[in-house]
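Below is one structure, written out as structure tokens; comments come after it.
In the numbering used here, the protein residues as written are 19 to 160.
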């Protein structure tokens, strides 16, 4: 696999830990982000991840840090994916088919966006349901 074709989805748990120096996983997240750049991964995230991260940072760390985070995201090489109605329909189908698994709408929607773009790895500290055969990257293990 060519280095430039390596794709990875970054979850809010990573972005928050990376920005919040007081977070328990801050150093691990910083290393994971550095490793992404060093190893040639193409990073993706979603508009909901950016929104959730901004809200958390604004409430827990402060508006100034949250605004700097948003500006950094807009200027970074991380491609932000935006859902269409068809993506919500697919996420809804996932939720209906997996009622017993307690999958969050945001997780189903992010998995749908990942599947649509051929992204199989997610960088996260949160539990991941392995939807569409996706899996948690080992870059979070330090």
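Backbone N, C-alpha and C define an ideal beta-carbon position, used for all residues, glycine too.
Please read all numbers here as calculations on a predicted model, not as lab measurements.
Grab me the residues of residue i's own chain with a C-beta within less than 8 Å of its C-beta, minus the 5 sequence neighbours each way, in chain order.
i: residue 20; result: Note that residue 20 has pLDDT 43, beneath the 50 cutoff, so the model's placement of it is unreliable and the number below is only indicative. There are no such residues.
i: residue 105; result: 127, 130, 131 and 134
i: residue 123; result: 109 and 113
Take residue i and list the residues in its own chain whose beta-carbon comes closer than 7 Å to its own, dropping the five residues that flank it on each side.
i: residue 143; result: 31, 32, 35, 43 and 158
i: residue 40; result: none
i: residue 182; result: Given that the chain is displayed from residue 19 to residue 160, the structure contains no residue 182 and the question cannot be resolved.
i: residue 136; result: 25
i: residue 47; result: 32, 35 and 36
For residue i, which residues from the same chain have a beta carbon less than 6 Å from its beta carbon, with the 5 sequence-adjacent residues on both sides left out?
i: residue 74; result: 34
i: residue 59; result: 24 and 26
i: residue 66; result: 124
Is the distance from the Cβ of residue i to the Cβ of residue j below 8 Å?
i: residue 62; j: residue 25; result: yes
i: residue 99; j: residue 64; result: yes
i: residue 84; j: residue 72; result: yes
i: residue 140; j: residue 96; result: no
i: residue 68; j: residue 38; result: no
In this structure, what does DSSP give as the bridge partners for residue i?
i: residue 62; result: 27 and 97
Does the beta carbon of residue i sit closer than 8 Å to a beta carbon anywhere in chain D?
i: residue 60; result: The chain labelled as chain D is not found in the depicted structure, where only one protein chain is given.
Complete runs of the alpha helix (DSSP H) confined to the region 87-153 [at least 4 residues]: Qualifying alpha helix (DSSP H) stretches, in chain order: 103-115 and 123-135.
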